[in-house]
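> Got a structure for you, questions after.
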Amino acid sequence: MQVGDTIYLDYQAATPLDDRVLRVMQAAFATHFANPHAVDHVLGWRAAAAIDAAASKVAALFGLQADDVIFTSGASEANAMALNAARAIASQTGRTEVLIGSADHGSIRNEANSSRLTVKHIPLDERGAPDHDKLRAMISDETALVSVIGVNNENGAIAELAAIAALCRSCGVLFHADLAQAPLAMDINLLDLDIPFATISAHKLYGPKGIGALLTGPGVSEFVRPVVMGAGQQGGRRGGTMPTELIVGFGEACRLVSIDGPIERERIASIKDRFVEQLEEKQIANLVGARKDRHPGNALMHFQGQNAADLLARLQPHIAASTQSACSSGTMEPSHVLSAMGIDRGAASECIRFSFGRFSDFRQADRAIAFILNAVGMN
Numbered sequence: 001m002q003v004g005d006t007i008y009l010d011y012q013a014a015t016p017l018d019d020r021v022l023r024v025m026q027a028a029f030a031t032h033f034a035n036p037h038a039v040d041h042v043l044g045w046r047a048a049a050a051i052d053a054a055a056s057k058v059a060a061l062f063g064l065q066a067d068d069v070i071f072t073s074g075a076s077e078a079n080a081m082a083l084n085a086a087r088a089i090a091s092q093t094g095r096t097e098v099l100i101g102s103a104d105h106g107s108i109r110n111e112a113n114s115s116r117l118t119v120k121h122i123p124l125d126e127r128g129a130p131d132h133d134k135l136r137a138m139i140s141d142e143t144a145l146v147s148v149i150g151v152n153n154e155n156g157a158i159a160e161l162a163a164i165a166a167l168c169r170s171c172g173v174l175f176h177a178d179l180a181q182a183p184l185a186m187d188i189n190l191l192d193l194d195i196p197f198a199t200i201s202a203h204k205l206y207g208p209k210g211i212g213a214l215l216t217g218p219g220v221s222e223f224v225r226p227v228v229m230g231a232g233q234q235g236g237r238r239g240g241t242m243p244t245e246l247i248v249g250f251g252e253a254c255r256l257v258s259i260d261g262p263i264e265r266e267r268i269a270s271i272k273d274r275f276v277e278q279l280e281e282k283q284i285a286n287l288v289g290a291r292k293d294r295h296p297g298n299a300l301m302h303f304q305g306q307n308a309a310d311l312l313a314r315l316q317p318h319i320a321a322s323t324q325s326a327c328s329s330g331t332m333e334p335s336h337v338l339s340a341m342g343i344d345r346g347a348a349s350e351c352i353r354f355s356f357g358r359f360s361d362f363r364q365a366d367r368a369i370a371f372i373l374n375a376v377g378m379n
């Protein structure tokens, strides 16, 4: 995608709203504006029915049923609900320990640190994903919750979700996966994986901002604790008037991913691979992390000898990319993800994450390479 003079290569921060999603949202704004909790008239019924239909589309992408979807304001709120579940378990069982990935999203890290539970960090493996073997040694009778990011938002590493879920199940420990980045990287069936709690976000899969969900598997409803109490909407699981139009857009975005996901991932990976290969062949930058089991659009690149922030500034307004995840941008500290990967402060300050998506093409990738060559003085 190009917006004016800018090539957009920051899809892991936020995906553009798909025009097909926008159209169904516009129709919902025109016809489903009534309060979906208004039970005394037909317009309220229709808005509620539109939400039910959208919930089914969201659930279907993950192998679930509509009742398994709790709509939230976004992934951060859903992550907070997962930590609330850990607190509920702690109060019932005396288990007071939470294990989270060393490279998990800031919302999980901050919620865990404010939970008044004991927080331990799971080291990363050589790929930059949570280390399953290290987790096996850490998990204990004190563990209330294990939470890992399914697909890392900076290095693109895909976690061993099936193995981690099986380990947690065998130890009787609740497992939560932050899957905000996962739908564009892999097929996911939460029932097959037996993951009881998962977080998703609409604006990571070409839907609108301001809407996400906590997905719940069998047998965990007793641990659901809302962050927003409200007036008992969504069966008391999350309060507040449900934003029909956003939810309808979320559902359509999930439907489109379910149809086009595998082919789209293959096309995006081929664009990303050419971008990476050209940078490496010209000895400008190297890919950080493993090439396999990685988000297809992720190109976290190390520009040795180049300060990443300065390089991105020189690339303006031509390329939109990030020095670290958007939730951490603007801080003076190095990326906690890169630190967890064992990358020192100096090298971390030389890394830029480029991420490709649905509206990327080879021409944009080639033009981006040309801009980078010029910015580093090789043109």
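The sequence shown lines up with residues 1 to 379 when you count with UniProt numbering.
Here a beta-carbon is modelled for each residue, glycine too, at the ideal position from N, C-alpha and C.
Flag this pair as yes or no: are the beta carbons of Lys-57 and Glu-252 separated by less than 8 Å?
Position 57 of the sequence shown, counted from the first residue, corresponds to residue 57. Position 252 of the sequence shown, counted from the first residue, corresponds to residue 252. In this structure, Glu-252 lies closer than 8 Å to Lys-57 by Cβ.
> Counting only the same chain and skipping the five closest in sequence on each side, list residues whose C-beta sits under 6 Å from that of Ala-165.
Walking along the sequence shown from the start, residue 165 turns up at place 165. If we look at Ala-165 and ignore the five residues flanking it on each side, its Cβ neighbours are Phe-175, Leu-193, Asp-194 and Ile-195.
> If contacts are defined as beta-carbon pairs under 8 Å, then Val-228 and Gly-239 qualify, I think. What distance do you get, rounded to the angstrom?
For the purposes of this step, residue 228 is taken as residue 228 along the sequence shown, with counting starting at 1. For the purposes of this step, residue 239 is taken as residue 239 along the sequence shown, with counting starting at 1. About 5 Å; that satisfies the 8 Å criterion.
> In the DSSP assignment, what are the bridge partners of Arg-23?
Along the sequence shown, one-based indexing puts residue 23 at 23. In the DSSP output, where bridge partners are listed per residue, Arg-23 has none listed.
> Starting from the N-terminal side, write out each stretch of the alpha helix (DSSP H) that is 4 residues or longer and does not extend beyond the segment 80-122.
DSSP runs (the alpha helix (DSSP H)) wholly in the segment 80-122: 106-113.
> Could you check if Asn-189 is buried or exposed, using at least 16 other CB atoms within 10 Å of its CB as the buried criterion?
Here residue 189 is taken as the residue at index 189 of the sequence shown, counted from 1. Answer is exposed; the Cβ neighbour count stays below 16.
> With Phe-362 as the anchor, note down where its alpha helix (DSSP H) starts and where it stops.
Counted from its first residue, the sequence shown places residue 362 at position 362. Unbroken alpha helix (DSSP H) run through Phe-362: 362-375.
> Cα-Cα, which of Ala-320, Glu-350, Gly-74 and Leu-287 is closest to residue 414?
An answer regarding residue 414 cannot be provided, because it is not within the stretch 1 to 379 covered by the chain.
> Can you find the residues in the same chain that come closer than 7 Å, C-beta to C-beta, to Gly-309, ignoring five residues on each side of it along the sequence?
Indexing the sequence shown from 1 puts residue 309 at position 309. Note that residue 309 corresponds to Ala in the displayed sequence, not to Gly. The residues are Thr-323.
> The beta strand (DSSP E) spanning Asp-178 covers which residue range?
The residue you call residue 178 lines up with position 178 of the sequence shown. Segment 174-178, the beta strand (DSSP E) holding Asp-178.
> In this structure, does DSSP put Pro-130 in helix, strand or coil?
Position 130 of the sequence shown, counted from the first residue, corresponds to residue 130. Correct three-state label for Pro-130: strand.
> In its own chain, which residues sit with a C-beta less than 6 Å from the C-beta of Ser-360, not counting the 5 before and 5 after it?
Translated into positions along the sequence shown, residue 360 becomes position 360. Excluding positions up to five away in sequence, the list reads Ile-271.
> When burial is assigned at 16 or more other CB atoms within 10 Å of the CB, is Ser-115 buried or exposed?
Here residue 115 corresponds to residue number 115 of the sequence shown, with the count starting at 1. It is buried - the Cβ of Ser-115 has at least 16 other Cβ atoms within 10 Å.
> DSSP three-state label for Phe-356, please.
Translated into positions along the sequence shown, residue 356 becomes position 356. Three-state result, Phe-356: coil.
> In whole angstroms, give me the CA-to-CA distance for Ser-91 and Cys-171.
Start at 1 with the first residue of the sequence shown, and residue 91 comes out as number 91. Start at 1 with the first residue of the sequence shown, and residue 171 comes out as number 171. Approximately 19 Å between the Cα atoms of the pair.
> Leaving aside the five residues before and after Ala-326 along the sequence, list all residues of the same chain whose C-beta is less than 6 Å from its C-beta, in chain order.
By 1-based counting over the sequence shown, the position of residue 326 is 326. The pLDDT assigned to Ala-326 is 48, lower than 50, so where the model puts this residue is not dependable, and the model offers no usable value.
> Cβ of Leu-167 within 8 Å of Cβ of Ala-198?
Along the sequence shown, one-based indexing puts residue 167 at 167. Along the sequence shown, one-based indexing puts residue 198 at 198. No; because the gap between Cβ atoms is not below 8 Å, this pair is not in contact.
> Please give the ranges of any alpha helix (DSSP H) in the segment 285-355, keeping only runs that are unbroken, at least 4 residues long and fully inside the region.
Listed in chain order, the complete alpha helix (DSSP H) runs (minimum 4 residues) inside the segment 285-355 are 308-314, 336-340 and 345-348.
> Near Asp-18, what residues of its chain come up, given a Cβ to Cβ distance below 6 Å and the 5 sequence neighbours on each side ignored?
Stepping through the sequence shown from its first residue, residue 18 is reached at position 18. Excluding residues within five positions, the ones whose Cβ falls inside 6 Å are Tyr-206.
> Compute the distance between the beta-carbons of Val-148 and Ala-163, then report whether it is under 8 Å.
Against the sequence shown, residue 148 aligns to sequence position 148. Against the sequence shown, residue 163 aligns to sequence position 163. Against a cut-off of 8 Å, the Cβ pair of Ala-163 and Val-148 comes out as no contact.
> According to the neighbour-count rule (16 or more other Cβ atoms, all chains shown, within 10 Å of its Cβ), is Met-378 buried or exposed?
The residue you call residue 378 lines up with position 378 of the sequence shown. When all chains shown are included, Met-378 counts as exposed.
> Could you compute how far the alpha carbon of Ala-49 sits from the alpha carbon of Gly-212?
Here residue 49 refers to the residue found at position 49 when the sequence shown is read from its first residue. Here residue 212 refers to the residue found at position 212 when the sequence shown is read from its first residue. Rounded to whole angstroms, Ala-49 to Gly-212 spans 19 Å at the Cα level.
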